[in-house]
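Have a look at the structure below before the remarks.
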Amino acid sequence: RARAGLTQTIGVLFGAGAAIGLMHIGAAPQISTSSVATVLIGLGGAVFGTLAVIFSLLFLVVQWVATTFTPRLTLFRDAPIVWRTAAVAMSVIVFCITAILASGSRDTMSASVPLVAVVGTLAVLVLLRVVLANALAATQISPVLTTICEHGQQSIVATYPTSDDLDPKQVDSPAEPRSILWSRNPLVLQRLHVERLVHLAESADSVIVMEETVGSTLRAGATLAHVYGRAPQSLDKGNSDVGEIDTGTFFAALDTGPERTFDGDPLLAFRLIADIALRAMSPAINDPATAVQAVDQVEFLLVSATSIDESARRWRDAGGHLRLVVPRPSWTDMLVVGFDDVIAASLDSPLMLARLDAALSRVSTVAATVEQRTQLARRRTWVAQARADRFPT
């Protein structure tokens, strides 16, 4: 959202600067100011209406998605194309207004001014078409599930890299740990700035061991991290000058907010897909076919994650010293989030029970560890028992 605001600010400044700059071009062909002003007013008003359409569409799609799929799904709201289109529209509006005001008492102005306004308006129309296409896709179940699955797969790849320059078996033996506590209102840990944390730990000759994963909700009094080495005994967000660890710098290296994001949070995709399946299986909706589509995506994500390294990620400084340890969700966590609630909500649906059993069976064939196969077997037993009790053959 910060980037969206910055993009719009740049668009406004560019529009104003371009209008003022073009007004001082004397070499270009000159045309009557009065006729150009009429054109600029018309184009600016048309683009302003387009901007209103964009925000109205944004509101409608967000409401539709929240009531039809899940209120945690913000793909269209956070889509860069929406805010970039708004930025271009604002730039054109400001350009037209600034050009009219800058013309002052001039009898003529550069012909490039209306030309740029027309080109900008056409660009807004092209971008608006893309926004409308995205809005349509955001209200249809298949594109939504596919997009969530793609984001989930990208998050899994980023969180569990197949190759790591750090040796996960090489662990230092630090001294007694100290604690960093969270003392603000509940917020979601959205991202870690690893380089900053490594530099902070290196400057204090310490090791920072995070206790919360990305996507976790931070609650007041919870232990956010342990610090091993020369660090203060009790770190607190309200006391930023204690010891060698600067807590202000530490918390500045964490991105927090009210909502989860896909960046570094592989469980979010499982949560969103499970939410869609649960809503489809609710008595008010009763659409097991949609829930089956959701199970298809969960199955794919689980299969793609069977070979992940669940151990905590470790980062070292340039000298090879351990500086940062960050836990990661386990494969079992993904299985629990993706399937358990859905199984519990599907006990009265023969279609869903059959699909769940098939999905668990297929994932079992590619399970990489004994623990994975054990967890899958427990859920297959759960599903099989429900089918036998409710739908005897």
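Read in order, the letters of the sequence shown are residues 119 to 511 in the numbering used here. For glycine and all other residues, C-beta sits at the position ideal for the given N, C-alpha and C.
Excluding five sequence positions before and after Leu315, the CB atoms of its chain that fall closer than 7 Å to its own CB belong to Ile326, Ala371 and Leu442, given in chain order.
Around the beta carbon of His142, fewer than 16 other beta carbons lie within 10 angstroms, which makes this residue exposed. Taking C-beta separations shorter than 7 Å and ignoring five residues to either side along the sequence, the partners of Ala197 in its chain run Asn252, following chain order.
The three-state secondary structure of Pro189, taken from DSSP, is coil. Asp507 and Thr265 have their C-alpha atoms roughly 36 Å apart. Every beta strand (DSSP E) stretch that sits fully inside the region 376-445 and reaches 3 residues is listed by chain position as 431-434 and 440-444. The continuous stretches of alpha helix (DSSP H) do not include Ser467, and DSSP gives it neither H nor E. In this structure, Gln126 sits near Ala204, with a CB-CB distance shorter than 8 Å. Taken in chain order, the unbroken stretches of alpha helix (DSSP H) that lie wholly in the region 147-198 and span 4 residues or more are 151-186. DSSP, reduced to helix, strand and coil, places Gln308 within a strand of the structure shown. Ile363 sits buried, since 16 or more C-beta atoms from the chains shown fall within 10 Å of its C-beta.
For Thr265, no beta strand (DSSP E) encloses it; the enclosing alpha helix (DSSP H) starts and ends at Ile259 to Thr277. Annotated three-state conformation of Thr226 is strand, per DSSP.
The beta carbon of Val179 sits closer than 6 Å to the beta carbons of Phe194, Ala253 and Ala256 from its chain, once the five residues preceding and following it are set aside; these are given in chain order. Taking a contact to require three or more Cβ pairs closer than 8 Å, the region 296-307 and the region 372-379 qualify as touching.
Taking the Cα of Pro406 as reference, the smallest distance to any Cα among Arg432, Asp466 and Val421 is reached at Asp466. Rounded to the nearest angstrom, the gap between the Cα atoms of Pro468 and Pro510 is 10 Å.
Within its own chain, the residues whose Cβ lies closer than 6 Å to the Cβ of Gly133, once the five positions on either side in sequence are excluded, are Ser209, Val212 and Phe213, listed in chain order.
Our two residues, Ser228 and Ala217, have alpha carbons roughly 10 Å apart in a direct line.
Annotation: the continuous beta strand (DSSP E) that includes Val325 extends over Ser324 to Met328. Each residue's CA atom was taken as its position, placing Glu329 and Asp451 some 16 Å apart. Each of Asp458, Ala463, Glu489 and Thr331 was checked against the Cα of Arg497, and the nearest Cα belongs to Asp458.
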